[in-house]
Amino acid sequence: MQLSLIDPEAFKDGFNLGAFLSGIANGVLDPKAQPPGPKPDSSTAAAAARVSLEKSRALLELFDKAESEALFAHGEVSKSVTGLQSTLATDQAKYQKALSSCSRHSEAAREAFRRVEEHSNRVGQVGTRLGDRLQRADGLRSRAVELVRLLDFLALFVGLREGDGAFTQGLPGLFWEDRKLAEAAAVAHKLRALTSEVANAGERNRLAGAAAAEEDAAARAAAAAAGGPTAAAAAAAAAAGLSGGGASVGLVARLSLDRRQLEPAIGSLEYGVRRLGQYCVWLENRVVGRFDQAFEDDNLRVMGECARIMAAFDRERAIIQSSVDDMAWVREPAVGADDAVVSERLRPLSRLYGTLGDTVAVEAGRMSSVFPSVRTALQMLVTKVFEDRVLMALERLLEDTAEDAFSSSTSFSSGRQLDEHLDEQYGSDDSGGGGGGGSSYYDSDAYSGDSGGDDEDDGGGGGGGRRPPAGKRPPPRPRPRQPAAAAVDKGPPAGRGGVALPSVTIRTGHTSVLGLRMRQGRRVSATAAGGGGGGGGGGGGGLRRLSSSGSSADGGGEDDGSSGGPSVLALHLYLRLLAASYVRTGELAEQVEAATSGQVDVSGLVDGVFQQFLKLYPAPELQWLDMMAEKELSPDREAGDPLCRPPLLLSTAEGLIRRNAEAVQRCALLCPAAQVAASVRLLYAGEAPYDGTMPGSLMEHLPRYLIDGVEREMELTMQADSGGAAAACNVYRLPYQPPSPPGGKGPPPPLQMPPPVTRAAAAQAAQTYVSVRVAPVLRAVHCSGQVVRRLQEHHVQVVLPALDSSAPELSACTTCLAMVLRGVEGAVLGVMTALVDLVVIQAEKVLMYEQKRSEFLPPEGQLDAVLLDRPTDACLLVCALFEALGKVARDCLDGSNLGSFLLEVGLRMHATFLNHMQQFVYNAAGALRWRNDVTAYCDVLRGWGLPLLDSRMGAVGGLVGILVVEPEQLLPLINGTLRLDHREAIKYVRLRQDFATARVQGRSLQHIFGSGDTVPGQPAAAGAGAGGGGGQRQPQQQGGRGGGGGGSR
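This is the structure in structure tokens:
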């Protein structure tokens, strides 16, 4: 049935009955849906009724039809629902059946999983136990391997001969190379623990055996007591036997004790344990020595390495304690002897000043009520106090010290005396100058050049007029290291050879304020004077007299047997007493001024009191500085033998700077404000032309000491060629000429060639050479850099503040410092250049004497793969030399100094390798050996961390390919990879053994690369020009020095 009125889709979601019925009746009731034609008449009621009746009939028909369609649709839907219900029931039954089956299977699977999990748990437990056992077995295996390794090391000590030299000759490099000392310490610690455990086990076994013997004896005694008379008799017999056996056992024990007391024989365990203990002591002393040297050089990296090595020894606390004990402030006493003397001598003056201050306060109160002119009365009272009591007290305090300080013999070595007669007196207008200084300068504790502290004598000063002392500054923070650029020409100073110097004038602006005349006649010792009197001041000619006790490491010791010793100490004591008394007098002036309510100007009285004591100042400071410097640096500085000159020590140089800082600070306290800058310049740089020739100035002694110290080490290094031990002088080895047999008249025995070089022997030879000949020079250069940095800090922190922005004096001191830096820098650069020459020449000699021509032309039938892979003897020695050099350079230098030194050596060696390569002819196997050598050179030099050097050495490795490839590959290699000009490439192509015989496309190599030169060491090729070039390798001539290696031995 066709449905036209009923739409089944209308009964779905959102069904509305009214909308459904209106949709059915819409065709009848909607006016727009009327059929076409004339409209029915509805003008009358009857006509309208007829129209309504027709519509009602049409609606009834329509609804009937809709009802029949709805019933039909209902039936169809019912059929569909019934089918769906039956299908659903069928599907539900199938689902229930499948679900029950799945439940059964899932239960079975869960049961299987439970069984598998239980089995896996058992397997995991078994695996865990096996893993634990394997881990324990691996641990035991590792322990066993380590124990075998330790036993191998212990076997080395068991067979090691006596003497400390055997530690470097009989042990592998692990035990004595510097870069492996930490590992050596760890191995030695394990060996000590192992031997200690073995000894403890032996002691436990001995004690257990003794306990078992005692138990057996006790059991036999108990059995004898329980067995009656017969057993007692047997026990007595047994006891007698035991007593006899005991006697024999005691004899055996005594013999064993005597045997143990004897020295253990070589090869025994006891001998190995004893040698191991001796090695540990030797290694610890070596590490402590390196630590002390690094502490002296302030090298924190090396100090850290040594500390880690000692920690591996379980001796870290010992080296920490040693480091603390070596600190300067620990070595110096809390209160020095001279400080105690100063405090003791100033105590009566302090008591007197206290009494005078109280007396003036009491008398000022009385005078104000007695005299009408109180100001006049107080002026006369204060004048009497200072010109009578204070002056007398100062004279009594200083006169004894002044007598010793300004005696006729006032120097340790120089004999420089101060003229007591002045051309002009100390400023006639100074009496009206200002009074005491401001805050106290003098410190009763030992003065340190860059440290300060509170002082019980600190106090305020009087009014103006004098420049207040520079404030005490905290210790300077260490600055980052920078290259030392350095100081003054070392030539003999002008005017130093005569008897007297021109008058020394302290200039401020254009006015001459103080004229001093200082004699410079240097006394010559009785030996230098040809047997004359030792005290004469004859023509010294600049020579320094040797003190009878030699040089002293510190500035405070006495010079035994010389009258100058007590004199210089007395001069220092006099200056300290003068400064301390000036401070206390200033404190008294402040107290008196406060007691008189400021009615009396006391500062002029203080200047008047100290005028006679300061009329020579700062000449005593210069004399004291000169005498102390001469005392430390006097040992025959002008001698030709460098051993007679003082070594360069950081402590000595710092002593010079520290004493200058002390003198500058005293000068800032004692000099009038207008003369402080000129006086400080005199102490620091001297007089014009500021070239460091002023006796006593810092720039006279410090630059010469630095330059002499650096050049001394270089001269000692150069002297080792003629007077040193052969092992320390050279890395290479020469053939040994054995002595002729006694009574033999035949030809001498043939030369014995040195044995093949091992890596350990090469490292030992290089380390010995570098430590004896290179390291002292580098340490001296590093020390000079440290001293220059200290000098620059002293210039900024001490000298510049004291100059008080005085432009002329500031310019003079800055100019002098620049001259000093240039002079020291020039000397250091000269020494470093000579050191580079020394190292490069040594490497060239190693290549010349150790490289053999047969190493690059091995016979075809004697090729050995192991020999081809092993570097040659010359390569081993040169690599060991460079490795030791790089380590020592990193320990002693830093910054640009390190990079410049290593780069210069590396670039020089790059040229040496290229020249060395051209001295030999190579076959295929020899080219491989040379490539192995070049690779070893590149690896060692790459450890220096210089990219430019790495690229240069990489180019050398590329050139080796010319010797290795087949002749057909030469053109692609040279034109493509290397991009070499043929005129340059032929120099290396002709080093091939097949140069004269090889053909490429029918052409010879000589024809391809276009050269008429002959090959060194082989006959000229056919068609080649008659160029020179024999088989013997000629040493290089570079600046008069022999270098390079021999092509034929």
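Counting from 1, position 90 in the sequence shown corresponds to residue 91 in the numbering used here; the numbering is continuous, with no gaps.
Beta carbons are placed, not taken as given, at the ideal position from N, Cα and C, and that holds for glycine.
| Check | Outcome |
| --- | --- |
| What are the residues that DSSP puts in a beta bridge with Val1001? | Arg1004 |
| Helix or strand or just coil, what does DSSP make of Tyr618? | coil |
| When DSSP labels each residue in this structure, what does Arg993 get in the three-state scheme? | strand |
| Determine the direct distance from the alpha carbon of Val146 to that of Leu131, and round the result to whole angstroms. | 22 Å |
| On the premise that Ile963 lies in contact with Leu974, defined as a C-beta separation below 8 Å, what is that separation, rounded to the nearest angstrom? | 7 Å |
| So what does Tyr706 bridge to, in DSSP terms? | Note: Tyr706 sits in no beta bridge, so no partner. |
| For Ala835 and Ala776, what's the separation of their Cα atoms in angstroms? | 14 Å |
| Can you grab the Cα-Cα spacing for the pair Arg993 / His1008, in whole Å? | 15 Å |
| So the alpha helix (DSSP H) Glu297 belongs to, where does it begin and stop? | 270–298 |
| For Asp940, report the span of its alpha helix (DSSP H) as first-last. | 925–943 |
| Let me know the secondary structure DSSP gives Trp625 once reduced to three states. | helix |
| Give me the residue from Leu626, Gly697, Ala781 with the minimum Cα distance to Pro648. | Ala781 |
| Look at the alpha carbon of Phe114 and the alpha carbon of Arg105, and state the distance between them as a whole number of angstroms. | 14 Å |
| With H, G and I counted as helix, E and B as strand and the rest as coil, what does DSSP make of Thr45? | coil |
| Going by C-alpha distance, which of Asp8, Cys880, Val199, Ala403 is nearest Val78? | Asp8 |
| Only counting the same chain, and skipping five residues up and downstream in sequence, which positions put a Cβ closer than 8 Å to that of Ala167? | Leu161 |
| Taking contact to mean 3 or more Cβ pairs, one atom from each stretch, closer than 8 Å, check whether the region 127–141 and the region 172–185 are in contact. | no |
| For Thr360, which option in Gly128, Thr597, Asp642 has the closest C-alpha, if you only look at C-alpha atoms? | Thr597 |
| Compare the Cα-Cα distances from Asp805 to each of Ser101, Ala679, Asp153 and report the closest residue. | Ala679 |
| For Ser604 versus Ala581, is the C-beta spacing smaller than 8 Å? | no |
| Determine the burial state of Cys672: buried for a count of at least 16 other Cβ atoms within 10 Å of its Cβ, exposed for fewer. | buried |
| Please report how far the alpha carbon of Thr718 lies from the alpha carbon of Ala764, in whole angstroms. | 20 Å |
| Looking at Gly687: is its Cβ nearer than 8 Å to the Cβ of Gln624? | no |
| If we ignore side chains and look at the alpha-carbon of each, how far apart do Leu398 and Gly824 end up? | 45 Å |
| Verify the CB distance criterion: does Leu929 have a CB-CB separation below 8 Å to chain C? | Note that chain C does not occur in the displayed structure, where there is just one protein chain. |
| Go through its chain and collect everything with a Cβ distance to Glu10's Cβ below 7 Å, but skip five positions before and after it. | none |
| Using only the alpha-carbon positions, how far apart do Leu735 and Pro756 sit? | 11 Å |
| Rounded to the nearest angstrom, what separates Phe914 and Arg144 at their Cα positions? | 47 Å |
| When we look at the beta-carbon of Met833 and count the other beta-carbons within 10 Å, is it buried (16 or more) or exposed? | buried |
| Given a cut-off of 8 Å, decide if Gln592 and Gly358 are closer than it, judged by their beta-carbon atoms. | yes |
| For Leu684 and Pro619, which I take to be in contact (beta-carbon distance under 8 Å), what is that distance rounded to the nearest angstrom? | 6 Å |
| Leaving out five residues on either side along the sequence, give the residues of the same chain with a beta carbon under 8 Å from the beta carbon of Ser785. | Ala485, Ala487, Leu649, Leu707, Gly710, Val711, Val825, Val829 |
| Spatial neighbours of Glu70 within its chain, please: C-beta separation below 6 Å, excluding the five flanking residues on both sides. | Leu4, Leu6, Ile7 |
| Beta carbon of Asn924, beta carbon of Leu858: below 8 Å? | yes |
| DSSP on Pro743, reduced to helix/strand/coil? | coil |
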